Each structure stands twice: as C-alpha cells, then as structure tokens.
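Visitor:
In this note's numbering, the protein residues as written are 16 to 205.
(1) Under a Cβ-count criterion, where at least 16 other Cβ atoms within 10 Å of its own Cβ denotes burial, should residue 54 be classed as buried or exposed?
(2) In the DSSP assignment, find the unbroken beta strand (DSSP E) run with residue 131 in it and report its ends.
(3) Taking DSSP's pairing of strands, which residues face residue 46 in a bridge?
(4) Per DSSP, which residues does residue 183 bridge with? Please list them.
(5) Give the range of the alpha helix (DSSP H) segment to which residue 191 is assigned.
(6) Use the C-beta contact count for residue 18: other C-beta atoms within 10 angstroms, 16 or more gives buried, fewer gives exposed.
(7) If you draw a straight line from the alpha carbon of residue 99 to that of residue 178, how long is it in whole angstroms?
(8) How would you label residue 185, buried or exposed, when you count the other beta carbons within 10 angstroms and need 16 or more for buried?
(9) For residue 17, which of helix, strand or coil comes out of DSSP?
(10) Give a yes or no on whether the C-beta atoms belonging to residue 139 and residue 62 are separated by under 8 Å.
(11) Quick check on residue 107: buried or exposed, where buried means 16 or more other Cβ atoms within 10 Å of its Cβ?
(12) Please list the terminal residues of the continuous alpha helix (DSSP H) segment that includes residue 113.
(13) Is residue 38 buried or exposed, if buried means 16 or more other CB atoms sit within 10 Å of its CB?
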C-alpha cells in the first residue's frame, strides 16, 4: 500500500500531477476540495455541518475535515493506496491523519512537494484565471496572500515529514511529462 501526500503552492501543478499518479499507481485521489464539494452538494451530515462554517466565512474545523477524509478512506477498503491532495495543511491535521491511518494499520509512505519559484507560479495562476473564471486566480494580491498562508501553515509540515524521513522535494517547473517523470522516480525508489 502506498499513501502519498502531495504538497505544493497553488499553481504548482498538484491537480494535474495527481491525475497522472492516480492512474499510474492505481491510487485513490483524495482532494479535500472535491470531498467538501461532494458532501455539500449531496447534503451529507458532514456537508451540512461544513457549510454552516463556510457560510459564516469560517474555516471548517479539523475534526469535520478529518471525518470527511476518514469516510472516504473507509469507502475504499480495497484501494492500493491513497493520494492526499490538499490535506494535511497543518501539524494538527498531520497528527490526526497519522493516528487515523494507524487504526487501519497503514501510514503515510511519503510526502512529495512540487517546488517552484513564486514569481513563475503567480504568472501561471494569472494565466489560469483568464480561463478558469476563479476569482482567486485573477487577483495577484489574493494569490500572494495564499502563498503567505501556505508558507505559514503548510511549510512547517515539511519539517514534520523530514523528521520521519518521508519528505521529498521535486522541481515543479518543466513540461507535465518531465514533472511526472520526476515524481515517478521518487515513488519508484521508496
């Protein structure tokens, strides 16, 4: 079983690479954004709860996010592994994920960070914003604010996983094929 956490700032290519990796290694892709949207759209108990926080402009508490993730893992008992995208984002979430996976006699195999220069990523997101319609991809100040939040909250996770010898950095600049090859080299050498 392979359980991978995919890190990267917005625009680093996590979603694109996750599609390739899930196919290549037969992993279940768990994107917290997709899980939130699914639960809210289908009015699940957790979705209704998450929406109450979101409607007030609050972050969904870790306990709710973790319960949604646990539910997805439980729905895929025959999986060859999971690709966690957008989770964990904090040390508390990383600890909770470790505890939960331990109850399933599993663990995170590796964390892989797609690294790229902020200036390149800002331009990439501004370009994406022209076609995606996402307002958070059309405002440079909002993009830079997301990067600051990433640095403050997510970057400490790198040390957490480095301490477990599970952290790998990959150059996120290049063609999609080049980056996929770099990611595959890491996974195949675990």
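For each residue, glycine too, the CB sits at the ideal point set by N, CA and C.
In this text the structure is predicted, and so the values were computed from the model without any measurement.
Guide: Short version:
(1) buried
(2) No beta strand (DSSP E) holds residue 131; DSSP gives it neither H nor E.
(3) 100
(4) Per DSSP, 127.
(5) Segment 191-203, the alpha helix (DSSP H) holding residue 191.
(6) buried
(7) 19 Å
(8) buried
(9) Residue 17: strand per DSSP, three-state reduction.
(10) no
(11) exposed
(12) Element bounds for residue 113: 106-118.
(13) Residue 38 is exposed by the Cβ-count criterion.
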